[in-house]
Amino acid sequence: MKILQRWGKHDSDRAQLRAALSGVRGNQNKSVWQLHYENFLRQGWSYLKPENFVHHCTCGPECPFAFVYAKSDIRKLFSRFAHLEMKVAHFPLRKYRFGRWIPLQLEKFLASQLGWYLFIFATK
């Protein structure tokens with residue numbers, strides 16, 4: 112029923128929603144840095160500790176669902192699985208101006224060593 116009441120307002124509603132979620136995904140919106148600062152004011156220096164801050168940088172300072180794990184943590188969490196494989200990826204140098212000069216093979220190599228994503232393949 113609520114959807115029908117909002118008939119014809121899709122574009123404006125989506126624009127408002129995008130603005131409201133500025134602190135949930137990435138650091139593209141400048142207001143995200145204000146949210147990081149507000150979290151710092153609330154929590155003090157402990158907000159900037161690596162074990163805390165890295166979670167807030169993954170998907171933004173307001174996202175309660177994104178977490179960062181080390182490979183050793185993953186091994187413990189998936190210890191009951193018979194086979195466990197991990198792959199590191201995502202080091203997006205090409206999204207920056209200087210990145211177009213970096214060979215794709217080098218970017219892929221750096222991604223496999225320093226990447227931000229940890230893909231987990233597990234077999235029970």
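The opening residue of the sequence shown carries number 112 in my numbering; numbering runs sequentially from there. Idealized CB from N, CA, C, for every residue including glycine.
The way I'd put it, the stretch 214 to 233 does touch the stretch 192 to 201; three or more beta-carbon pairs between them come closer than 8 Å. Here DSSP, grouped into helix, strand and coil, assigns residue 120 to coil. Under DSSP, no beta-bridge partner is assigned to residue 162. Contact check for residue 146 and residue 173: beta-carbon distance about 6 Å, within the 8 Å limit, so the pair qualifies. Boundaries of the alpha helix (DSSP H) harbouring residue 147: 142 to 154, taken from the DSSP string. Here residue 226 is near residue 202, since their CB atoms are less than 7 Å apart. Residues 170 of the same chain have their beta carbon placed closer than 8 Å to that of residue 176, with the five preceding and five following residues left out of the count.
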